[in-house]
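K.L.:
There's a structure below that I have some questions on.
Laid out in structure tokens, this is it:
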């Protein structure tokens with residue numbers, strides 16, 4: 221087993237602490253259902269589309285099969301969807317050990333490889349859990365070989381990466397997996413002095429409509445206690461409302477535990493480190509230092525010019541966009557999806573803001589006052605009634621979603637609908653006017669000969685004189701060989717009635733064309 225150690229202290233006053241375990245893997249490879257079995261809940265049934273879309277943290281208790289005292293394990297369930305890469309990276313940054321879930325039906329997939337790369341970047345020991353072994357089509361040996369093809373050497377196959385087959389339906393292999401986690405924790409000597417100030421990582425943040433700015437933290441070392449203050453960059457919070465993973469109020473959060481703290485002065489930045497201090501004075505001093513440091517390090521904005529030759533000027537629409545999400549991590553995922561959208565020189569998204577909370581009247585005002593009414597995208601948020609009324613009045617499109625890929629599909633379609641159309645005229649027929657007969661009430665009658673292609677009733681023509689367009693018209697009727705016809709082919713003479721405001725003359729040309737829009 222890889223015994224790479226991460227943030228481990230050798231201080232003699234320290235005691236063992238619960239391991240923090242991140243469960244990662246490809247979408248729909250059974251990560252959440254495995255954790256459901258462990259904690260005996262039904263999170264997957266509550267997830268929209270069956271896909272984990274938030275980074276959830278909770279504690280489990282396991283008694284080793286070989287005997288001993290019950291041990292705590294903190295689990296982080298990360299989304300498998302490609303859009304939530306930042307959440308997965310944050311989960312691994314907070315973890316001591318990783319569980320790589322690999323479907324025994326499918327083997328290695330794209331997010332499996334991405335997870336392996338992130339695990340390597342963090343230097344984490346990891347265990348491979350081959351999931352869905354109860355399924356008829358499962359083959360652990362085939363799944364093992366798919367890992368071997370990517371230079372992942374499991375125990376028993378020339379390597380030291382531990383593995384276990386598990387079923388979230390029957391529970392087979394789950395106790396053995398938990399034993400492996402505790403063994404990995406012992407080998408890595410995870411410990412912390414709980415009497416020290418708490419330190420750790422912000423893994424999620426959101427605005428609670430009733431309680432204010434709220435953050436989920438993983439305590440990496442020390443303890444966070446009621447009555448103290450927590451500082452995250454320039455954000456501070458008194459530790460008055462502190463809850464464990466189940467939402468139960470607690471007075472102290474020991475090392476290795478997930479905790480939710482309510483009442484930050486501003487929404488904390490996810491991925492940042494936090495520290496606990498004794499009082500408000502210390503907290504404000506520390507936050508003030510962070511503000512000064514941030515201000516000094518802020519680089520001036522730089523405008524870049526496109527490289528190479530100047531692009532051909534095309535009509536362009538600037539589409540204002542505001543993104544509203546339930547938590548900060550969701551905002552990251554939405555931005556990730558937007559960056560993947562195809563680029564088109566005729567329409568450009570201008571992201572005015574992406575913030576946490578319900579869609580408000582102020583959001584509508586921000587995108588509704590310009591030449592082009594904008595769009596507000598909401599993910600797992602509500603739209604305030606006044607905002608909906610104002611949006612309808614100003615022509616602002618407000619669309620809310622609870623599945624990330626549906627949001628991306630809708631935005632792509634909306635951009636396609638709004639982009640300016642370019643039209644191309646393709647020549648499909650060419651005729652020479654031999655004689656002008658009459659003109660009456662915007663209609664002319666001429667005789668001529670088709671020289672290329674054909675002429676058709678109902679089609680538009682350009683009227684050309686010495687290669688200069690003098691007008692346009694629509695063919696209302698055709699005669700050839702004294703018969704009414706719908707089409708006259710090349711080489712044939714004809715008589716034509718054309719709806720036009722100009723008068724063709726002998727030797728003018730009629731060019732029939734098709735207009736296509738792209």
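Residue numbers (our numbering): 221 to 738.
Note that beta-carbon positions come from the ideal geometry of N, C-alpha and C, so glycine has one too.
Model, not experiment: these values are computed from the prediction.
Tell me residue 435's beta-bridge partners as DSSP assigns them.
P.N.:
What you label residue 435 is simply residue 215 of the chain shown in a count that begins at 1. In the DSSP output, where bridge partners are listed per residue, residue 435 has 425, 481.
K.L.:
Give the secondary structure of residue 175 by DSSP, where H, G and I count as helix, E and B as strand, and everything else as coil.
P.N.:
With the chain covering only 221 through 738, there is no way to say anything about residue 175.
K.L.:
Quick one: what does DSSP say residue 736 is sitting in, helix, strand or coil?
P.N.:
Along the chain shown, read from residue 1 onward, the residue named residue 736 stands at position 516. Note: residue 736 maps to strand in three-state DSSP.
K.L.:
Kindly confirm or deny that the region 459 to 474 and the region 385 to 392 touch, where touching means at least three C-beta pairs closer than 8 Å.
P.N.:
Verdict: no, contact absent.
K.L.:
Can you tell me whether residue 553 is buried or exposed, with buried defined as 16 or more other CB within 10 angstroms of its CB?
P.N.:
Indexing the chain shown from 1 puts residue 553 at position 333. That one is buried.
K.L.:
Which same chain residues end up closer than 8 Å to residue 317 when comparing Cβ atoms and leaving out the 5 residues on each side of it in sequence?
P.N.:
Counting from one through the chain shown, the residue named residue 317 turns up at place 97. Excluding sequence neighbours, residue 317 sits near 239, 240, 241, 242, 344, 345, 346, 347, 401, 404, 405, 408.
K.L.:
Is residue 463 helix, strand or coil when you go by DSSP?
P.N.:
Translated into positions along the chain shown, residue 463 becomes position 243. Three-state result, residue 463: strand.
K.L.:
Which class does residue 339 belong to by DSSP, given the choice of helix, strand or coil?
P.N.:
Here residue 339 refers to the residue found at position 119 of the chain shown. Helix.
K.L.:
Just checking my contact of residue 479 with residue 499 at CB under 8 Å: how many whole Å lie between their CB atoms?
P.N.:
For the purposes of this step, residue 479 is taken as residue 259 along the chain shown, with counting starting at 1. For the purposes of this step, residue 499 is taken as residue 279 along the chain shown, with counting starting at 1. Rounded, the Cβ-Cβ distance is 20 Å, inconsistent with contact.
K.L.:
Return the chain-ordered ranges of every beta strand (DSSP E) run that is complete within the region 340 to 400 and spans a minimum of 3 residues.
P.N.:
List check, beta strand (DSSP E) in window: 346 to 351, 383 to 385.
K.L.:
In three-state terms, what does DSSP make of residue 674?
P.N.:
Counted from its first residue, the chain shown places residue 674 at position 454. Residue state, collapsed to three classes: strand.
K.L.:
Under 8 Å, do residue 374 and residue 362 count as touching if we go by C-beta distance?
P.N.:
Locating residue 374 in the chain shown gives position 154, counting from the first residue. Locating residue 362 in the chain shown gives position 142, counting from the first residue. In this structure, residue 362 does not lie closer than 8 Å to residue 374 by Cβ.
K.L.:
Please report the straight-line C-alpha distance between residue 339 and residue 562, rounded to a whole angstrom.
P.N.:
Residue numbering aside, residue 339 sits at position 119 when the chain shown is read from its first letter. Residue numbering aside, residue 562 sits at position 342 when the chain shown is read from its first letter. The straight-line gap from Cα to Cα measures roughly 30 Å.
K.L.:
For the alpha helix (DSSP H) holding residue 588, just list the boundary residues, first then last.
P.N.:
As a first step, residue 588 must be located in the chain shown, where it is residue number 368. It spans 581 to 588 - the alpha helix (DSSP H) in which residue 588 sits, taken as one unbroken run.
K.L.:
For residue 496, which beta-bridge partners are listed by DSSP?
P.N.:
By one-based count along the chain shown, residue 496 stands at place 276. For residue 496, which the question treats as bridged, DSSP gives the partners 450.
K.L.:
Which ranges does the beta strand (DSSP E) cover as unbroken runs of at least 3 residues, wholly within the region 621 to 706, from first to last along the chain?
P.N.:
Complete beta strand (DSSP E) runs here, min 3: 643 to 660, 663 to 676, 680 to 685, 688 to 700, 703 to 705.
K.L.:
Helix or strand or just coil, what does DSSP make of residue 536?
P.N.:
Along the chain shown, one-based indexing puts residue 536 at 316. Three-state DSSP puts residue 536 in coil, outside helix and strand.
K.L.:
I want to see whether chain B comes within less than 8 Å of residue 596, judged by CB atoms only; does it?
P.N.:
No chain B appears in this structure, which consists of one protein chain only.
K.L.:
According to DSSP, simplified to helix, strand and coil, what is residue 573?
P.N.:
For the purposes of this step, residue 573 is taken as the residue at position 353 of the chain shown. Of the three classes helix, strand and coil, the one that applies to residue 573 here is strand, per DSSP.
K.L.:
What are the start and end residues of the alpha helix (DSSP H) that includes residue 578?
P.N.:
For the purposes of this step, residue 578 is taken as the residue at position 358 of the chain shown. Unbroken run through residue 578: none, as it is neither H nor E.
K.L.:
Taking the C-alpha atoms as reference points, what is the distance between residue 377 and residue 293?
P.N.:
As a first step, residue 377 is located in the chain shown; it is residue number 157 there, counting from the start. As a first step, residue 293 is located in the chain shown; it is residue number 73 there, counting from the start. Looking at the two C-alpha atoms, the distance is approximately 29 Å.
K.L.:
Under the rule that 16 or more other beta-carbon atoms within 10 Å means buried, what is residue 235, buried or exposed?
P.N.:
In the chain shown, residue 235 corresponds to position 15, counting from 1. It is exposed - the Cβ of residue 235 has fewer than 16 other Cβ atoms within 10 Å.
K.L.:
Would you mind giving the Cβ-Cβ distance between residue 548 and residue 490, rounded to the nearest angstrom? I have them listed as a contact below 8 Å.
P.N.:
Taking the chain shown and counting its residues from 1, the one referred to as residue 548 is at position 328. Taking the chain shown and counting its residues from 1, the one referred to as residue 490 is at position 270. Right, the Cβ-Cβ distance comes to about 5 Å (below 8 Å), so this counts as a contact.
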